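Each residue of the sequence shown is one higher than the one before, counting from 897 in this note's numbering. C-beta: ideal position from N, C-alpha, C; glycine also. In this text, all values refer to a predicted model and were calculated from it rather than measured experimentally.
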Amino acid sequence: MKITTIGIDLAKNVFQVHGVDVHGKAMLKKQLKRDQMAAFFANLPPCLVGMEACGSAHYWARKLQEFGHTVKLMAPQFVKPYVKTNKHDAADAEAICEAVTRPSMRFVPVKNVEQQAVLALHRVRQGLVRARTAQANQIRGLLSEFGLILPQGIAHLYQRVPVLLDEANEELPGAFRELVQRLLEHLKELDRQVGEMEVQIQAWHRSNALSRKLEKIPGIGPITASALVASIGDAKNFTNGRQLAAWLGLVPKQHSSGGKTNLQGISKRGDTYLRTLLIHGARAVIRCAERKRDAQGWLHRLIGRRNKNVAAVALANKNARIVWALLAREREFRSDYVVA
């Protein structure tokens, strides 16, 4: 009997494969080493292959698609309910094989090489920004132990730290001054590397038509636009704009029962990085909107009756839906657009 569906439990060196026929009968239970994977699937007739969206999943998805297989990735939390017994590689592969055939299963879009490359730039930039913030906080903490307090903002560190060290030259030990100066140089180096990452991201943004299209939305700049395009891929994988907003964790959690609807705070599911960029962009739009006292519109009415943080999340949700409409329906952003 021909194998129609395969589940693969990915790993670093040893992969567990579970295959079934059209009737769901197990036809294949096998362990494969990394160097055996490509040859095995190259000689296998095209079939449906399911994998969890984890490390190296997108690489293997592209590799198996080259051999003619239909590959679908799933979030690990959606596969876990299908594990029938104790957790081990064979049980995981069997659960993946069963989960991939469910008609209501949600799948993760397979990213191409270009998308993964630009997302790598974003991840490195994110790590450098965190390291820069940690280094700035460390400098502040060390100086505060000697009674030297600095205003908030990294720019104040560059301007005030050398001045404070000169003014307190006689009070501070020479070893401590050298230490702070070394930390300040490290902070400048991190800042320089963040700038280099942003230059590369903006260069990719300028070369991508979809990213430039999203930049026209208020609250979305080159960084956010490029991250959205690289992460979403084909927006038609989402049924509507609300599904994309839910994928980003920008919709309320529900705890409803007995016909009584109970909505809570946002779910915070999905990519924290994308959600953070959208919300920070929404806050920037709100700051600009507050300066226009006599302006009218949905956002001004919302700011008038709700907290600014609530308004920022609502605007981020709206921007996510606009992003889906522009990408899925191939439209251009219009600030004067009115729903018919």
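Go through its chain and collect everything with a Cβ distance to residue i's Cβ below 6 Å, but skip five positions before and after it.
| i | result |
| --- | --- |
| isoleucine 1199 | Ala1207 |
| lysine 968 | Gly946, Val996 and Phe1003 |
| alanine 991 | Val975, Tyr978 and Val979 |
| lysine 1164 | Gly1145 |
| isoleucine 1050 | Ala1032 |
| asparagine 1213 | Ala1141 and Leu1146 |
| leucine 1080 | Val1057 |
Here's the rule: buried if 16 or more other CB atoms are within 10 angstroms of the residue's CB, otherwise exposed. What is residue i?
| i | result |
| --- | --- |
| lysine 929 | exposed |
| isoleucine 1045 | exposed |
| serine 1122 | buried |
| histidine 1101 | buried |
| serine 1040 | exposed |
| tyrosine 978 | buried |
| serine 1231 | exposed |
| alanine 957 | buried |
| glutamine 1150 | exposed |
| serine 1127 | buried |
| glutamate 948 | buried |
| threonine 981 | exposed |
| valine 1059 | exposed |
| lysine 1007 | buried |
| leucine 1159 | exposed |
| serine 1107 | buried |
| glutamine 912 | buried |
Using the three-state DSSP reduction, which class does residue i fall into: helix, strand or coil?
| i | result |
| --- | --- |
| proline 999 | coil |
| aspartate 917 | coil |
| aspartate 905 | strand |
| glutamate 1066 | coil |
| lysine 926 | strand |
| glutamate 1111 | coil |
| glutamate 948 | strand |
| valine 1004 | strand |
| leucine 969 | strand |
| leucine 1211 | helix |
| glutamine 1139 | helix |
| glycine 1161 | strand |
| serine 1153 | strand |
| leucine 1058 | It should be noted that the sequence gives proline, not leucine, for residue 1058. If DSSP states are grouped into helix, strand and coil, proline 1058 belongs with the helices. |
| valine 910 | strand |
| proline 977 | helix |
| proline 1047 | coil |
| proline 1148 | strand |
Can you give me the Cβ contacts of residue i inside the same chain, cut-off strictly under 7 Å, excluding the 5 residues immediately before and after it?
| i | result |
| --- | --- |
| aspartate 1130 | Pro1005 |
| histidine 885 | In the structure as shown, the chain begins at 897 and stops at 1236. Residue 885 is therefore absent and cannot be evaluated. |
| valine 910 | Gln927 and Lys929 |
| lysine 898 | Asp917 and Pro941 |
| methionine 1001 | Met970, Phe974 and Ala995 |
| lysine 1132 | Ala1224 |
| isoleucine 1116 | Leu1110, Gly1177 and Asn1215 |
| leucine 1086 | Leu1024, Ala1027, Arg1028 and Gln1031 |
| leucine 1038 | Val1076 |
| proline 1114 | Val1181 |
Cutting at 8 Å between CB atoms, please list the residues of its own chain near residue i, excluding the five before and the five after it.
| i | result |
| --- | --- |
| cysteine 950 | Leu906 and Pro972 |
| asparagine 1104 | Ser1122 and Val1125 |
| proline 942 | Phe963, Gly964, His965 and Thr966 |
| phenylalanine 1237 | This structure cannot speak to residue 1237, because the chain is shown only from 897 to 1236. |
| leucine 1017 | Met1093, Gln1096, Ile1097 and Trp1100 |
| threonine 1157 | Gln1150 |
| cysteine 993 | Thr901, Ile902, Gly903, His914, Gly915, Val916 and Gly946 |
Check whether the Cβ atoms of residue i and residue j lie closer than 8 Å to each other.
| i | j | result |
| --- | --- | --- |
| lysine 925 | alanine 986 | yes |
| phenylalanine 1003 | methionine 970 | yes |
| valine 1090 | arginine 998 | no |
| asparagine 1203 | alanine 1178 | no |
| leucine 1173 | threonine 1120 | yes |
| valine 1181 | isoleucine 1162 | no |
| glycine 1145 | arginine 1171 | yes |
| glutamine 1022 | tyrosine 1233 | no |
| alanine 1141 | arginine 1217 | yes |
| isoleucine 1175 | valine 1209 | yes |
Less than 8 Å between the CB atoms is what I'm expecting for residue i and residue j, so what's the real figure, rounded?
| i | j | result |
| --- | --- | --- |
| alanine 989 | phenylalanine 963 | Not quite, the Cβ-Cβ distance comes to about 19 Å (not below 8 Å), so this is no contact. |
| leucine 1222 | leucine 1110 | 6 Å |
| leucine 1061 | leucine 1053 | Actually they are not in contact, since the Cβ atoms of leucine 1061 and leucine 1053 sit about 12 Å apart, beyond 8 Å. |
| glutamine 1012 | histidine 954 | 6 Å |
| glycine 903 | histidine 914 | 5 Å |
| threonine 901 | leucine 944 | 5 Å |
| isoleucine 1035 | valine 1009 | About 39 Å separates the two Cβ atoms, so there is no contact after all. |
| phenylalanine 1229 | lysine 1084 | About 38 Å separates the two Cβ atoms, so there is no contact after all. |
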